[in-house]
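Line order of the protein sequences matches chains G, S, W and F. The numbering of the first sequence is our numbering, which starts it at 1 and goes up by one. The numbering of the second sequence is our numbering, which starts it at 1001 and goes up by one. The numbering of the third sequence is our numbering, which starts it at 2001 and goes up by one. The numbering of the fourth sequence is our numbering, which starts it at 3001 and goes up by one. First comes the structure, then the notes that go with it.
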Amino acid sequence: MGISDVIPVPVCIDEEIEKWTIFGQPVTEVWFTTTEKIHQIIQMGPIKNIFNWGRKNSVYFLMQPMGCCGVEMFVFGAAPYDSDRFGCIPRNTPRQTDVMIISGYLTRKYLPVFKNLWENMPEPKWCIAIGECAISGGPFYDSYNIIQNTGDYFPIDVYIPGCPPRPEQFLEGLINLQEKIKQRKDKRDY
Amino acid sequence: MDGIIDTITQFAAQEPAIFALIIGIIGAAVLSGVVNVGAMLVIWADRKVMSDFCNRFGPNRVGGRWGILQLGADAIKLFTKEDVIPAGVDKGVYVWAPIIASAGTMLVAAAIPFGALHIGGKNYPLVVANMDISAFYVEAALSIMSIAVFMAGYSSNNKYSILGAFRGIARMIAYEVPMGVCVISVAVMAHSLNLVEIVESQTLWYAFAQPLGFVIFMIALVTDLGRVPFDQSEAEEEIICGYSTEYSGIRWGLLYFQEYNNFLLGSVLVSLLFLGGWHGPIIPIPLLDMVSPLIWLIMKVIIVIWFIILIRAALFRMRIDQVTDLGWKWMLPLSIVNLGWAVIVGTYFA
Amino acid sequence: MAGEPMAVVNYIPLIIFLIMGAIVPIAALAAIKVIAPNRPSRQKLSIYEGGLKPIRDAKIQYSVQYYLFAIVFVIFDVEVLFLYPWIYVYANEAMQRFMVFGSMNIAVFEMLLFIIVLLVGLIYAIKKEALRWV
Amino acid sequence: MTNASEVLSSLQSAFPGAVTDARVESDDRLWATIDSKKIRDVCKYMTDKLGFDHYAGSAGVDWIARNEMEVVEIMTSYGAHNVVAMLKVKTPRDNPSVPSLVDMYWNANWYERETWEMFGINFEGHPELYPLLLSDPLVGVWPWRKDFKGYPDLTTGERAVQITTPEGYTEYRFPPTPAEIEAGTVVTERPKYPTFREREEAWIKSDSEMIMHLGPQHAMVPGPFLLDVLVEGERVKKAFLDIGYIHKGIEKIMENRTWLQGITYTDRMCYVASLSNNECYCGAVERLLGLEVPLRAQYIRVILEELSRIQSHLIGTGEFLTLIAGVGFAPWQYMIIDREKIISLIESVTGARLTHTFVRFGGVRNDLPEGFDEQCRKVLPYMKSRVEEFIEFFAQDPIYHARMENIGSISPETAKRMGCAGRVLRATGVPYDMRKEDPILVYPELDFKVVTGTRGDSADRIDCTLREILESIHIIEQCLDRIPSGPIKTEAKIPKKVPAGEAYYRVEDPRGEMGMYVISDGGDKPYRVKVRGPFYATFQTLTPLLEGVYIADAVAIAGSMDGCPSESDR
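Have a look at this one:
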């Protein structure tokens, strides 16, 4: 039931607690139904908006340049087109990021690495595909080494066309993602 | 006003135990609020002032004047982030690290006088546990964070974190000793280790009385906090995020938050020890005379924070062996020279 | 100046602060157990190292050099420890009667000796490359 | 100063039977076919006697019509003379094999490994013939051969099958393409070789050593590549480099595009310096077509290339600063702001920020807008003052000196032996600059000096970069004064089909010496385009440099080389 995740007690105490029963049902049962109930309350509305306002305004993207759009991603995070204004700063480890930006060519050798990074990210996570190469292989549609349909491997939320798109379009994509998080249209019911 | 003070002092004299308990509980509640909000303001200042140095706007689209609500957004996001504990991690130590970090900083907050109230010509220090060795205690408690850093790094079974943990320990122990010697040389001049008495005895600020000690203490403090010239333990480029690579969500938030807690308390400590605490040229500022010492202290703390953030925007990061060399081969002998200077000046002038 | 030794009662606030310091993170971690979504998967719990499978695990045997650092640190931290009580002793009026070399206080002289001996130790450690990070 | 005909005559006298159908294209281009048994002696003779000490690369060509394969070795020299000798070695097509030159030229290693994995030409005597750019399942299909059945492959994406390993990492298997199955050429016997991971693990000797991935996802260089460091404590004992994470197969794709479409692909090779890539490709094709570029177009090309050199140096140095100083470092942001000024200048002419496709065969696409001249004269002095400020800032910073001086320093001899060019070589003191060695466009008429360093360490590389920006500003000012009016494209009509022939054209790319070897068989598509990437050579010299340094220094050295993995992977 995860007591040892919160209070640093050895894991055996965790199993011990799971054997107890409260009001006749086992503790894990009670615990999961209550969290389920709380999740439904959260889904209803006002609390959900607050959560999404928080998630919307502090989106951290993974520092991962993969092509021409990667170099534009530097500029998007740096001085003139400042993504920090929207609370969006680059982080280096996927554990602390919210959005994964596919910023360039996705090749056969890089696909497993990319999938590992995507899986390592904690749950409320989104994906932006920037540039033609990320959306559909772009000018390399017939290359033997490029993955054309990134959409089948990663649930991409925002597509930013352009080769490479201007940093202003990066910001527009970011605002679209924020709108999407705000209206809870990302179909992953966070 | 005087009646209340007399009753309090009289009550404290009769039952010291209950008085200490009440002060402890009220202090814990107030201080955990004040210190945490202060640390959040320091995080916001770090991002905002940093982007000011870099000629760009900081977070300002989030809401509130100058992007104040950015921290609310960060906090909410971190709270609603999934809690991932990777496999192969030493779970007890992994979970214990943020708890020790925050407990350590709260212990420091207990003994630091956060300013004073000027009532009827006398300054009453705002401190919860007014120990007479509080300088020594605070300097020791500040280094609990290095234990938390090592626990976080070593337990998360990740090559980057292990390197970050070793580097964090090497960095902190290299500057523990010079920091201690600087505190002693301040205490030698003030003839006492109690922070309140140190502040009271600072007619001439110790930053001017012993400039070398002030410089060494600032460098040691910046190292203790892990700010840029000395942030090897989380050097983005070499070892990704150092000791907090495997931490995610609110667990990483706590570690990151305690680092800024230490930053705030460290800068308060510097302004108490070296910049004359709550003494200012015009003690009873005409309008708000009761709170004027507090305002002087807050101004000094803001200046120290601004300076440490400037360091982050302006200096390169040193290599870990240069940090340890600087610590052992330069800081330690110089701080002992400063101790000699404090002893000589202390006997003839103080 | 030195004041009477502090009553033990003054340590109660410290314990309360310690408990408060421990409660805040535990409350935060308990809160996310309820609020945050939870979809563990084997891939998510795998160790992150640049995206690839790490070569052998990270529990390596660290080198002896770190041990040298720890020992030197302990020596000099104990030296600092001896300095703390010395502060109250050296400035005491009672010490004025023991004057050595004209105006120097006997306590100051003894501490000078103590520090010089340790400085020699430090220089020895530096020269023998004990303090060179591996 | 020897020229091509002297070299040819001395070669023919020394090796009577070996040199066949030799051709002296111009004063500094020599084409010759060498008998495969004699190639090693010819190369040794040229290096010792004739001063060809720079092995600039080798290219594989598949002549399917003549049922033979060809390896073209490009031999040049560091300043002794500027003759480029293209020595061709022919082998039959069924099991092609060519003697390897790795023991004579250290930097031949990567070129030969790449030619092997792409064409299947076996190099006898090559110690470690392992794949470089391709992932393991692709080795053995020899993708760059003309009869490679799996191309054009529009189904790479659909065929991936995901496999989750027990530890929770995902891998992908790509079953063969339908074209390969019904053509019956599914490759069954694959060459056996230890994978990259096994080769590394063999190096771990004791328990206190570990191999750390400064992995594909790392904020070191703008593009993924795998730098594994064998680390004990904090010291790097050995470094392993694995590239190919963004290998797009541009050279194969360009064989499937018309000549004009090929220009867009040269932009995406090294996306930070796309104008000099365009220039290199269009220059080679102009040599094939025998076109003469009008003077005004030459001046426009030089101006824009120098502007793109400035912005490439700025982002190279700026990004390097984040490696040794943290992301919030102020000078890094100032460099990006200054770069934006330069990029808006280029954009006012070409319309794009990074991928310009502005150069055309025989001229440029459009003329300079009216206000360009005044805008340039306003921005350039500002840039000059800013760059001088940066140089002074780096010179006076003690931490910078402690972190950068004699870190990753290379002596001129090892630099020449390792075959690197560009700023890395110039930082060691060797004045080897394509604009002086192989002058193209209007560079002979402009006066500028080659910026060289003294110690060849990381501090010198960054110092050379910044001083080169000042040189480029000086060049642009001269061009702005001298630019004549007149046509910007040749009147001659550019034919769709380029006459048969081959050309090798060299350009000073911001990262080093870039060469394009273009072969045309008279069709409307290039028969073969070989790109001799500048950073490909410098990347190879990275691993020996990192032995015995701290991890922080390994990052600083890799950053100070200002790399572009997209151009080394192509």
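Just so it is clear, CB atoms sit at the ideal spot from N, CA and C, and this is done for glycine as well. Remember, it's a predicted structure, so these values are computed and weren't measured experimentally.
Going by DSSP in three states, residue i sits in which element: helix, strand or coil?
i: Q43(G); result: helix
i: D3237(F); result: Per the sequence presented here, residue 3237(F) reads as Lys, with Asp not at that position. Three-state result, K3237(F): strand.
i: P3526(F); result: coil
i: I133(G); result: The residue you asked about is not Ile; residue 133(G) is Cys in the sequence shown. In the structure shown, C133(G) sits in a helix (DSSP, three-state: H, G or I).
i: K3496(F); result: coil
i: M1331(S); result: helix
i: K2128(W); result: coil
i: I175(G); result: helix
i: T3355(F); result: coil
i: V2134(W); result: coil
Within 7 Å of any Cβ in chain F, is that where the Cβ of residue i sits?
i: V1228(S); result: yes
i: L2131(W); result: no
i: I2126(W); result: no
i: S143(G); result: yes
i: K125(G); result: no
Got a sec: is the Cβ-Cβ distance from residue i to anything in chain S below 7 Å?
i: T3465(F); result: no
i: I3342(F); result: no
i: V2114(W); result: Correcting the residue identity first, residue 2114(W) is Phe in this sequence and not Val. No, F2114(W) does not count as interfacial toward chain S.
i: I2075(W); result: no
i: M2001(W); result: Here the model assigns M2001(W) a pLDDT of 41, short of 50, so the residue's position is not dependable, and the following value carries that caveat. Yes, M2001(W) lies at the interface with chain S (some Cβ there is under 7 Å from its Cβ).
i: Q3396(F); result: no
What residues of chain W sit near residue i, judged by a beta carbon separation below 7 Å?
i: L1021(S); result: I2012
Who are the neighbours of residue i on chain G, taking C-beta pairs under 7 Å?
i: V2034(W); result: T35 and I38
i: P3143(F); result: Y144
Chain F partners of residue i, CB-CB under 7 Å?
i: F140(G); result: K3248 and I3253
i: N116(G); result: Y3169 and T3170
Nearest chain W C-beta to residue i closer than 7 Å, yes or no?
i: I13(G); result: no
i: V99(G); result: no
i: L62(G); result: no
i: S3411(F); result: no
i: N92(G); result: no
i: E3198(F); result: no
i: N1157(S); result: yes
i: M73(G); result: no
Give the interface partners of residue i over in chain G, defined as CB-CB distance under 9 Å, in chain order.
i: A3160(F); result: R108, L111, I147, D152 and Y153
Which bits of chain S does residue i rub up against, with CB to CB less than 9 Å?
i: I3462(F); result: The premise fails here: I3462(F) is roughly 12 Å from chain S at the closest Cβ pair, so nothing lies under 9 Å.
How would you list, in chain order, the residues of chain F whose beta-carbon sits under 8 Å from the beta-carbon of residue i?
i: L2052(W); result: Y3169, H3213, G3215, P3216 and L3226
So with Cβ pairs under 7 Å, would you call residue i a contact of chain G?
i: Q3298(F); result: no
Give the residues of chain W in contact with residue i, contact being defined as C-beta atoms less than 8 Å apart.
i: D5(G); result: L2029 and K2033
i: D3094(F); result: Under the 8 Å cutoff, chain W gives no residues; its nearest Cβ is about 38 Å from D3094(F).
Report task. Output, in sequence order along the chain, the residues in the region 1069–1093 of chain S whose CB is closer than 8 Å to any CB in chain F. Result -> A1087
Query raised in the report: Using a beta-carbon distance cut-off of less than 8 Å, what residues from the region 41–58 of chain G approach chain S?
Result: Cβ contacts with chain S come from I50, F51, W53, G54, R55, K56, N57 and S58.
Report task. Count the CB pairs spanning the region 1120–1135 of chain S and the region 1215–1229 of chain S that are closer than 8 Å, and state whether there are at least three. Result -> no
**Report entry** the region 3558–3565 of chain F touching the region 3167–3181 of chain F, judged by at least three CB pairs closer than 8 Å
**Finding:** Per the Cβ contact rule, the region 3558–3565 of chain F is not in contact with the region 3167–3181 of chain F (fewer than 3 Cβ pairs under 8 Å).
Query - Segment contact, 8 Å Cβ cut-off, at least three pairs: the region 132–140 of chain G with the region 149–160 of chain G - result: yes
Query raised in the report: Taking a cut of 8 Å between CB atoms, which residues from the region 1315–1330 of chain S lie near chain F?
Result: Close to chain F, meaning a Cβ-Cβ distance shorter than 8 Å, are the following residues of the region 1315–1330 of chain S: L1315, F1316, R1317, M1318, R1319, I1320, D1321 and Q1322.
Report task. Would you be able to state if there are at least three C-beta pairs under 8 Å between the region 1259–1269 of chain S and the region 1297–1304 of chain S? Result -> With a cut-off of 8 Å, the region 1259–1269 of chain S and the region 1297–1304 of chain S count as touching, because enough Cβ pairs lie within range.
**Report entry** Members of the region 3112–3144 of chain F near chain W, C-beta cut-off 8 Å
**Finding:** none
Requested in this report: Kindly confirm or deny that the region 81–91 of chain G and the region 3186–3197 of chain F touch, where touching means at least three C-beta pairs closer than 8 Å.
Outcome: no
**Report entry** Members of the region 1037–1055 of chain S near chain F, C-beta cut-off 7 Å
**Finding:** Close to chain F, meaning a Cβ-Cβ distance shorter than 7 Å, are the following residues of the region 1037–1055 of chain S: M1050, F1053, C1054 and N1055.
Report task. Report yes or no: do three or more beta-carbon pairs, one from the region 3051–3058 of chain F and one from the region 3110–3121 of chain F, lie closer than 8 Å? Result -> yes
Requested in this report: Count the CB pairs spanning the region 3545–3552 of chain F and the region 3223–3239 of chain F that are closer than 8 Å, and state whether there are at least three.
Outcome: Yes, the region 3545–3552 of chain F touches the region 3223–3239 of chain F.
Query raised in the report: Taking one C-beta from the region 3143–3152 of chain F and one from the region 3248–3257 of chain F each time, how about it: are there three or more such pairs within less than 8 Å?
Result: yes
Query raised in the report: Just checking, does the region 2080–2090 of chain W make contact with the region 2111–2126 of chain W on the three C-beta pairs under 8 Å criterion?
Result: Yes, they touch.
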